[in-house]
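Under our numbering, the letters of the sequence shown match residues 754 to 951, in that order.
Beta carbons: idealized from backbone N, C-alpha and C, even for Gly.
One structure is given here, and the rest of the page talks about it.
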Amino acid sequence: MESLKQAIRERGNVLSDTVLKVDSFLNHQVDPKLINEIGQAFAERFKNEGITKVLTIESSGIAPSLVVATHLGVPFIFARKKKSLTMTDNVYRSQVYSFTKQETNEITVSKDLLHADDRVLIIDDFLANGQAAFGLCEIVEQAGAQVVGFGIVIEKSFQDGRKKLTDKGYRVESLARIQSFKNGTVQFVDEFVTQLSK
Ligand code: G4P
């Protein structure tokens, strides 16, 4: 998605060989025009899949999920990392370890919200090692529902999240795929492949 790649190039900040800061448009301040385009792009790709729920994890997955869900005309659910005051113990649970943050979060979704007949699209802002993705899958499985696919805003293709998901047969749609952050610059997968073939 060209407008997203342009935002990453112009407004993103490479912090290290593995981490990209996108606080100015995606996961702290949110650019409403861009997030709307992101949501539309996912909705377009999954519109014929009979999605009944969009599922994400708080906090940065919420903005794109809201837009996708609006365009698909279905509810979206965000898995919570902290127990809410009103949430009972009637929840699906899963443990998500973050390699980036080196911490484990227990994520929960109320059993009232996800059902065996749901067809679920999982959305997240980043895909790195796939820990969050698999945690969300586990929750969908506990509900007896079906994961239809994954919509990822920024995939760090040099980490193995995509491979782990596609090896399990899941459909993964990423709007920007990053080959590397070497020398402080973002190299996208498609541009890398074009360069190789020249
Ligand atoms: P994984 O789920 O694919 O294994 O990824 P990982 O553990 O590495 O990432 C955990 C958290 O770090 C996620 O946020 C993810 O969005 C974020 N993250 C991963 N790589 C990057 C990156 O290059 N840049 C930025 N800005 N964030 C990255 P989270 O724990 O769900 O927190 P939240 O921000 O959604 O609250």
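Contact belief for residue i with residue j at Cβ below 8 Å, rounded distance in angstroms
i: V808; j: I875; result: According to the sequence displayed, residue 808 carries Leu and not Val. Yes, they are in contact, since the Cβ atoms of L808 and I875 sit about 5 Å apart, within 8 Å.
i: Q899; j: F852; result: With 8 Å as the limit, Q899 and F852 do not qualify as a contact, their Cβ atoms being about 28 Å apart.
i: F903; j: R872; result: So it is not a contact: roughly 13 Å between Cβ atoms.
i: L866; j: A886; result: Their Cβ separation, rounded to whole angstroms, is 19 Å, which puts L866 and A886 out of contact at 8 Å.
Any C-beta of chain D under 7 Å from that of residue i
i: I788; result: The chain labelled as chain D is not found in the depicted structure, where only one protein chain is given.
Spatial neighbours of residue i in its chain, beta-carbon cut-off 6 Å, leaving aside the 5 residues before and after
i: R798; result: E926
i: I892; result: Y845, S847 and V862
i: F879; result: I907
i: S818; result: V807, T809, F829 and I876
i: A816; result: V783 and I788
DSSP-derived helix/strand/coil call for residue i
i: G902; result: strand
i: T823; result: helix
i: D870; result: coil
i: D776; result: coil
i: T853; result: coil
i: K758; result: helix
i: N858; result: strand
i: T809; result: strand
i: A695; result: The displayed coordinates of the chain run from 754 to 951. Any statement about residue 695 would go beyond what the structure contains.
i: L918; result: helix
i: N801; result: coil
Proximity test, residue i beta-carbon vs the ligand ZN heavy atom, cut-off 6 Å
i: L880; result: Among the ligands present in this structure, namely the ligand G4P, the ligand ZN is not found.
Cβ neighbours of residue i in the same chain (closer than 8 Å, five flanking residues each side left out)
i: D870; result: T805 and A898
i: A952; result: There is no way to answer for residue 952, as the model of the chain reaches only from 754 to 951.
i: Q782; result: D776
i: V827; result: I804, T805, K806 and V807
Span separating the alpha-carbon of residue i from that of residue j
i: G888; j: N858; result: 10 Å
i: H868; j: Q895; result: 9 Å
i: L825; j: P785; result: 18 Å
i: F911; j: E763; result: 21 Å
i: E856; j: V849; result: 8 Å
i: D920; j: G914; result: 10 Å
i: G922; j: F778; result: 32 Å
i: N843; j: V939; result: 43 Å
i: F831; j: E811; result: 6 Å
Proximal residues to residue i (C-beta, below 7 Å), its chain only, five neighbours per side dropped
i: A796; result: V821, H824 and L825
The segment 764 to 773 contacting the segment 832 to 850, beta-carbon criterion three pairs below 8 Å: no
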